[in-house]
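Colleague: I am attaching a structure below and will ask some questions about it afterwards.
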Amino acid sequence: MEIKELLVEGSTKKVYATDQADQVIIEFQDTLPPWLSKKKEKVAGKGAINNSISSFLFDYLNSYNVPTHFVRKLDEKSFAARRLEMLPMYFHIWNIAGEDLASRFRLEPLQPLEYPIIEIYYKNPDLGNPMINEYHAYALGLCDRSEMTQITRIATKVNAVLKSYFQRHQLRLGDFRMEFGRAQNQILLADEISADTMTLFAVDEKGQITDPKKFAITGSKKLEVYQQIQEHVVGKKA
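Residue numbers for the sequence shown follow this note's numbering, beginning at 1441 and rising by one.
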């Protein structure tokens, strides 16, 4: 597969066209995402770790017949994916009341939620990426009802599959974010599933959270945290 022109450069990834019209190459960078660092801070080796985690989890979801854009891992920092028309939204699923959710709704921090909460955000930095509901999405032309039904179904399945996987590895999936794209009238899970886009908690044999800050990407040891997450999720270093 030959790299062609750069299509998109985001805060943590670059997307390249290839000599195959229906596929792109997604290359991970070492830069921290805006929600983890307001500065363009870099953590050497972080891109390879997130590529390892994303490739592993996408491949795992594919084995459960979840429609994703993932094709195959190419090298240490990139994977091949189907070329999609991305939907300008991201979906945030909460299984546990993290700090942000708890403060907004006066919930007990780390309270397990009886039902997962799915929040929709309009990806528009000029507007501050506001939270919207499905009717905003229809009115703004972001997707139609059929596509939203597909998205909700996929998101719910992804959550169930990942929660089950992590539970078997003494982890609890607190929350995570997803993006979707369309290809030939089909909705596919896209972007990444990595340490940047999910919150994991270590749990004991009874499923109780042991150390809420164990996988918090803060302080001076960020690379060590990324490595710990990778080892717990993938089972080996990149």
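We put the CB at the ideal spot given by N, CA and C, even for glycine.
All figures in this text were calculated on a predicted structure; none of them were measured in a lab.
Within 8 angstroms, do at least three Cβ pairs link the region 1569-1586 to the region 1526-1544?
Modeller: yes
Colleague: Provide the residue span of the alpha helix (DSSP H) that contains ASP1651, from first to last.
Modeller: By 1-based counting over the sequence shown, the position of residue 1651 is 211. ASP1651 -> no alpha helix (DSSP H), and no H or E assigned at all.
Colleague: Could you tell me the distance, in whole angstroms, from the CA atom of SER1660 to the CA atom of THR1471?
Modeller: What you label residue 1660 is simply residue 220 of the sequence shown in a count that begins at 1. What you label residue 1471 is simply residue 31 of the sequence shown in a count that begins at 1. SER1660 and THR1471: Cα-Cα distance of roughly 15 angstroms.
Colleague: Provide the residue(s) that pair with PRO1552 in DSSP beta bridges, ordered along the chain.
Modeller: The residue given as residue 1552 occupies position 112 in the sequence shown. Paired residue(s): ILE1536.
Colleague: Mind checking whether LEU1446 and VAL1601 have CB atoms under 9 angstroms apart?
Modeller: Counted from its first residue, the sequence shown places residue 1446 at position 6. Counted from its first residue, the sequence shown places residue 1601 at position 161. Cβ atoms of LEU1446 and VAL1601: not closer than 9 angstroms.
Colleague: Counting C-beta neighbours from all protein chains within 10 Å, is the total for TRP1534 16 or more, i.e. buried, or is it exposed?
Modeller: Position 94 of the sequence shown, counted from the first residue, corresponds to residue 1534. Counting every other CB atom within 10 Å of its CB across the protein chains shown gives TRP1534 a total of 16 or more, marking it as buried.
Colleague: Starting from SER1518, trace the beta strand (DSSP E) both ways and give me its first and last residue.
Modeller: What you label residue 1518 is simply residue 78 of the sequence shown in a count that begins at 1. Its beta strand (DSSP E) spans residues 1518-1522.
Colleague: DSSP state of LEU1527, grouped into three classes?
Modeller: Stepping through the sequence shown from its first residue, residue 1527 is reached at position 87. LEU1527 falls in the coil class under three-state DSSP.
Colleague: Closest by CA to GLN1624, which one among ARG1522, SER1604, ASP1651 and VAL1673?
Modeller: On the sequence shown, position 184 is the one that residue 1624 refers to. Per the Cα distances, ARG1522.
Colleague: Across which residues does DSSP place PHE1468 in a beta bridge pair?
Modeller: Taking the first residue of the sequence shown as position 1, residue 1468 is located at position 28. The partner list for PHE1468 (beta bridge, DSSP) reads LYS1453.
Colleague: Is it buried or exposed, ALA1579, if we count other Cβ atoms within 10 angstroms and call 16 or more buried?
Modeller: On the sequence shown, position 139 is the one that residue 1579 refers to. ALA1579 is exposed by the Cβ-count criterion.
Colleague: Which stretch, first to last residue, makes up the alpha helix (DSSP H) that contains GLY1487?
Modeller: Position 47 of the sequence shown, counting from 1, holds the residue named residue 1487. Counting along the chain, the alpha helix (DSSP H) containing GLY1487 begins and ends at 1486-1503.
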